[in-house]
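Colleague: For the sequence shown, our numbering assigns the number 1063 to the initial residue and increments by one for each residue that follows. Got a structure for you, questions after.
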Amino acid sequence: MKGYFFIAASFAVLAANSATAKTWFVNLAATGTASGASWANAYTTLQPAISAASAGDSIFVAKGIYYPTVAADGVSTDNRDKAFMLKNGTFLFGGFAGTEANYAARKNDSTSLHVTNLTTLSGNLGNVADSTDNAYHVVIASGLAPFLFDGFTVAYGNANGTTPLMVGTRSIGRHYGGGVYNDSTFGRYSNVIIANNTAVSFDATEGGGGGMYNYHGNLQIQQAVFLKNHANNANGGGLKNNGGTAQVSFSHFLQNTSVTDDEGGGAANNIEHGNAAFNSVVFEANWTSGSGGGVYNDSSSSSFNLCTFIYNAADGSGGGVDFDNGSSGSLINVLFYRNSSTDDGGGLYSWKSNSILDYVQFSYNVAGNNGGGMYNYNTCNPQITNTQFSNNQAGNDYGGFGLERNSTAILTNVLFSRNQAARNGGGLGSHDNSGTTATLIATNVTVVNNTALTGGGGYDQGSTTQLRNSIIFGNYPDDVDINPALILNVRSVIVNDGTGPLFFKDGSVSTTGVSVSASIFVDTTTSNYRLITGSPAIDAGDSTFYSATSTPNLSAIKTDLRGADRIMGNNVDLGAYEYCTNTVMPTATVSVTPSGIVWYLDSAVFTLSIINGGTNPTIQWWKNNSPIAGANGLTYTAKAGVAFLDKDTIWAKIQSSAPCVLPDTAKSNKIGMTVLHEGVAGISPADLELGIVPNPNKGSFSLNGNFKSNKTYNLVITDIVGRRIYQEDFQSGSNQKQILLPATVLPGMYLLSIKQQELGQQTIRLVVE
C-alpha cells in the first residue's frame, strides 16, 4: 500500500500547483493554427502536446483515431518504433467531444467515453489488414512519477521484436507490452480500454503482457477493460506484472489469451514478486495453453476482493487462478463459476503456495485430473472459511477440494454439495504419498450429496486428518473411504459407515459410534442444508474448538457460513450452518419528503429504513394494492399526479437476507398522499376558476372565482400542517372577494380552501410575505 499513498500524494502536489498549469488541446479535426492553446487551434496529433506539456499540465484529446508519429528513442528509423511517450506529471484525458470548456464538462459515462467520443491510440501504422507493420508499443511510460492517463482506447500494438530499443538509459524489450509498456513507472490508468494488442516472444520465459507490461512499477488501474489481447510464446495475455505492484479495481478482463510452454495467465501474469491487488474485477472467458486461465502467480502475492472468475480455461492447471512456487493469495468474496483446466484445479490450483479464502464460492468448475473446485499439491497450507464447493467435477480425484504432499488445510464453515469425482473423493480428500503427509483439519464442515467411485463424500488414506463438528451424510455410493485409523481423530461428527448414519462423539474413546435416526437437514432435494428442527446435529458439537487456546486458533470466527452466530445453544452445532435459536424480526419504515402533502407535478421522495434486513434485502414498493414496476431500491421518487394520485397510499415490502430472521418478510407503514392542485380539485375550472391576486402578498388580496349569488361558500385558511388561521362563510354575486388577514398571521405558505356543499372543495396555495 505504500506505493498507493505515494501516488495519491504526488497527484495532490500536482493539483496544488494547478494555478500555474496549462491545458493543451488535441483534435485531429481542428483547422486552426495548431498551437494547442484551444479547441479551435488544437494540435492535430498527440505527441506534440505531450512534448509541450510540463508537470502539472493537462492534455485534452478529442474523439478520433491517433497514431504515434515519433520514434520512442527519437532516433530509430524503424517505423514500428513509433510510440506515444508519456511524460512526468502530465494528465492526459481522452473522450472529449471537442467543445468542452473544462474537464468537468466531459461526459464520463461509458457510452460517451468509449462510443460517442471514442478516443483511440492505435498502433496500426501501415496496412490495416497486416499486423506485421504495427507499432511494437502504442504507449510507453518509462521512469515516470507520477502521471495520469484517462479516457483512451489503446489498440493494435504488436510487440514481436527480437532485440531491445534503448530509450535514454532504459532497455525497452520489443517483445513486451504491445499495448502499453511501463518501466519503473508510478501512475494511474483509468477509464481505459486495452484491446487487440499482442506480444510475441522468441523465448517462452521472456516477453508477454500483450495488453500491458509493468516492470518494477507501481500502477493504479481503474475502470479498465482488457479485451482480446494475446501473448504468443509468452505469458500474460492481458497484463504482465514483473516485479512491480498493480492495483486493479472495477475492471474487466475479457477473452485475453496466452499461448506458452512456460507459465501462463490468460488474463494476467504476476512474476518475480510482482504483487497485485484486484478489487471488484471480472475475469471472463480468458484462456491459456499453460496454467492460470485467469491469473497466474509465480513467487508473487495477489489479493482478490469482490472478484468473479467465469468461463476461464487452462490447458495446464488452475482454470481460474494458479498460485505457484512460493506465491501467496488472499481471496475474499470471490466467485469461481464454470472455469476449467485440462489438468488440476478447475477453479484454483496451488503448488508450494499458501492462500487464505473467506466467503468464496466454487460452482460448476471442471478439472480433467484432480480438484474440480480447488487442488493443492506439495507444501500448501490453505486456510478456508465460509466457503462453498458445489457442482464441481474432477476427471480423477477430489470433485470439490483436494490436498496432497506435505500440506495442511484448515477448513471451517465449509459446505461441499453435489460435487463429482470419477475416482476418489467426490466432495473432498487428501492423500499421503512418497513419505509425505497431507492433513485436513475440517471444523464445522458439511459434506452432502457428492458422488465418486469410492468415497462419495470424502477420501483420505492418511492418518493425520481431523474431522470435527462436521456432517458427512447422503453421499453416493458411500460417505467416506478413509484409513480406519482416522476414526481416532474424529470429534463430534455424523458420518455413515455403510450401515447407517452414526454419531462419533470422540473417536479415540469409541470407534463404533451411536446410531442416528432423526432427519438432519431441512431438504436435501432442494439443496437446503440447514438443520431441521430436532436435528441430531443441534448442540452436538464441541465449542472448545473455538477457544483461543485451541489449535488451530479459530477464536476469531464468530459466525457460521451464512453469517449467523456460530454458537447459539448450549454447544456449537454440527456442520456449516448453526440452527437458529436466537431469531430476530425484520422491520421496514417508510418516510416521505415533503411530508404527506405535495403539489401537483412536484416530486415526493419516499425513503425506506430497514432493521435486520441483511446485506442484500429484496425490496418492492407498492401503491395501494399493486407493486410498482422497477421500484426496488431504498428510495422511491415519484411525481404527484402522475406516479400517484390524491389519496393513494405508498408502502414497501421487504424480504430479509439476514440470517435467523423469523419471519423473513416485513411490510412497512402505509403513507397516504394528498395531492394539491393550483387549479380546481373537486370543482371543475368551468365552475369555479379560483385564483389569488396578488400571490405572494402581505395578507391583503383579492380572491377571484366564478362565485354564484345563491350559493354559500365556506372559506378556510390553514398552515401547512393543518392549523386553522382564518375562516369565514360568504355569499357573493361578484367574481371577487376581498380578504384581509389578521395582523397576527406570520409570513409563510398557507392553504386556502373553498368548500361549497353541492360542488365540493378546491384548495389553492397562498403565500404571505
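Backbone N, C-alpha and C define an ideal beta-carbon position, used for all residues, glycine too.
(1) For chain D, is any of its Cβ atoms less than 9 Å away from the one on N1359?
(2) Have a look at N1475, Y1775, G1356 and T1595 and flag the residue whose alpha-carbon is nearest the alpha-carbon of K1620.
(3) Specify whether the segment 1643 to 1656 and the segment 1731 to 1739 touch according to this definition: at least 3 beta carbon pairs, one from each stretch, less than 8 Å apart.
(4) Does DSSP put T1508 in a helix, in a strand, or in coil?
(5) Short check: CB of N1276 to CB of K1302, under 9 Å?
(6) Looking at C-alpha atoms only, which residue of S1342, G1336 and G1223 is the closest neighbour of V1310?
(7) Just the Cα atoms here: how many angstroms apart are R1827 and L1813?
(8) In the DSSP assignment, find the unbroken alpha helix (DSSP H) run with S1113 in it and report its ends.
(9) Out of V1510, V1704 and S1554, point me to the one whose CA is closest to P1539's CA.
(10) With E1334 as the anchor, note down where its beta strand (DSSP E) starts and where it stops.
(11) Please confirm whether Y1421 and T1447 have their CB atoms less than 9 Å apart.
(12) Tell me the rounded alpha-carbon separation between A1114 and N1395.
(13) By the DSSP assignment, the beta strand (DSSP E) with P1563 in it spans what residues?
(14) What does a CB cutoff of less than 6 Å around G1272 pick up in its chain, not counting 5 residues either side in sequence?
(15) Between which two residues does the beta strand (DSSP E) holding K1799 run?
(16) From what residue to what residue does the beta strand (DSSP E) around V1190 run?
(17) Looking at the strands, I want to know which residues DSSP matches up with M1436.
(18) Please check the pair T1370 and T1319, which I expect to be a contact at CB under 8 Å, by giving their CB distance rounded to whole angstroms.
(19) Comparing C-alpha positions only, which one of S1362, K1084 and Q1317 sits nearest to N1331?
(20) So is Q1800 buried or exposed if we call it buried at 16+ other beta carbons inside 10 Å?
(21) Using 8 Å as the threshold, is the segment 1717 to 1728 in touch with the segment 1637 to 1650, meaning 3 or more CB pairs across them?
(22) With DSSP collapsed to three states, give me the class of V1667.
(23) Helix, strand or coil for N1232, going by three-state DSSP, please let me know.
(24) If you run the structure through DSSP and keep just helix, strand and coil, what is A1166?
(25) Please list, in chain order, all residues of the same chain as N1040 whose beta carbon is under 8 Å from its beta carbon, the five residues on each side excluded.
(26) Within its chain, find whatever has a CB closer than 8 Å to the CB of P1809; leave out the 5 residues flanking it on each side and keep chain order.
(27) Can you give the beta carbon distance from D1710 to K1685, rounded, assuming they're within the 8 Å contact cut?
(28) Could you round the C-beta distance between N1427 and N1401 to whole angstroms and report it? I think they count as a contact, below 8 Å.
(29) Pull up the CB-CB distance for F1769 and N1797, whole angstroms please, since I reckon it's below 8 Å.
(30) Under 9 Å, do T1527 and L1564 count as touching if we go by C-beta distance?
(31) Just reading off the beta strand (DSSP E) that A1203 is part of, what are its end residues?
(32) For E1740, which residues in the same chain have their Cβ closer than 6 Å to its Cβ, ignoring the five residues on either side in sequence?
(33) Give the C-beta separation of F1464 and N1438 to the nearest angstrom, bearing in mind that I take them to be a contact with Cβ-Cβ under 8 Å.
(34) To which residues of the same chain is L1738 closer than 6 Å at the C-beta, ignoring the five residues directly before and after it?
(35) Taking Cβ to Cβ, would you say G1223 is nearer than 9 Å to Y1243?
(36) Just the C-alpha distance for N1776 and R1786, rounded to the nearest angstrom, thanks.
Modeller: According to the structure shown:
(1) Given the protein chain composition of this structure (a single chain), no chain D is represented.
(2) Check the Cα spacing between K1620 and each of N1475, Y1775, G1356 and T1595: the tightest is with N1475.
(3) Using a C-beta cut-off of 8 Å, the segment 1643 to 1656 makes contact with the segment 1731 to 1739, since at least three inter-stretch Cβ pairs fall below that distance.
(4) Strand at T1508.
(5) A contact, by the Cβ cut-off of 9 Å.
(6) Selection S1342, G1336 and G1223 evaluated against V1310 yields S1342 as nearest (Cα-Cα).
(7) Distance from the CA of R1827 to the CA of L1813, rounded to the nearest whole angstrom, comes to 5 Å.
(8) In the DSSP assignment, S1113 falls within the unbroken alpha helix (DSSP H) covering Q1109 to A1114.
(9) Here the closest residue by C-alpha is V1510.
(10) Segment: none, E1334 is in no beta strand (DSSP E) and carries neither H nor E.
(11) Yes.
(12) Near 46 Å, if we compare the C-alpha coordinates of N1395 and A1114.
(13) Per DSSP, P1563 belongs to the beta strand (DSSP E) from P1563 to D1568.
(14) Excluding sequence neighbours, G1272 sits near G1240, N1259, T1260, A1261, N1291, H1292, A1293 and G1299.
(15) Where K1799 is concerned, the enclosing beta strand (DSSP E) stretches over Q1798 to L1802.
(16) For V1190, there is no enclosing beta strand (DSSP E), as DSSP marks it with neither H nor E.
(17) According to DSSP, residue pairing for M1436 in a beta bridge involves L1410 and F1463.
(18) Approximately 19 Å separates the beta-carbon atoms of T1370 and T1319; this is outside 8 Å, ruling out the contact.
(19) That would be S1362, whose Cα lies nearest to the Cα of N1331.
(20) Exposed, because fewer than 16 other Cβ atoms sit within 10 Å of the Cβ of Q1800.
(21) Output reads yes: the segment 1637 to 1650 touches the segment 1717 to 1728.
(22) Shown here, V1667 sits in a strand according to DSSP, grouped into three states.
(23) Going by the sequence as given, residue 1232 is Arg instead of Asn. In the structure shown, R1232 adopts extended strand secondary structure according to DSSP, grouped into three states.
(24) If DSSP states are grouped into helix, strand and coil, A1166 belongs with the helices.
(25) Residue 1040 lies beyond the range of the chain shown here (1063 to 1831); nothing can be said about it.
(26) V1830 and E1831, listed in sequence order.
(27) With a beta-carbon spacing of about 6 Å, D1710 and K1685 fall inside the 8 Å limit used to define contacts.
(28) About 5 Å separates the Cβ atoms of N1427 and N1401, confirming a contact at the 8 Å cut-off.
(29) With a contact defined as Cβ atoms closer than 8 Å, F1769 and N1797 qualify at about 6 Å.
(30) 9 Å or more divides the Cβ of T1527 from the Cβ of L1564.
(31) Note, A1203: beta strand (DSSP E), V1201 to S1204.
(32) Note on E1740: pLDDT 48, under 50, position unreliable in the model; the coordinate value appears next. Cβ neighbours of E1740 beyond the five flanking positions: none.
(33) For clarity, residue 1464 is Gly in the given sequence; the question names Phe instead. 7 Å between Cβ atoms; contact.
(34) The beta carbon of L1738 is closer than 6 Å to those of W1661 and T1825 in its chain, skipping five residues each way along the sequence.
(35) In this structure, Y1243 does not lie closer than 9 Å to G1223 by Cβ.
(36) Cα-Cα distance, rounded: 13 Å.
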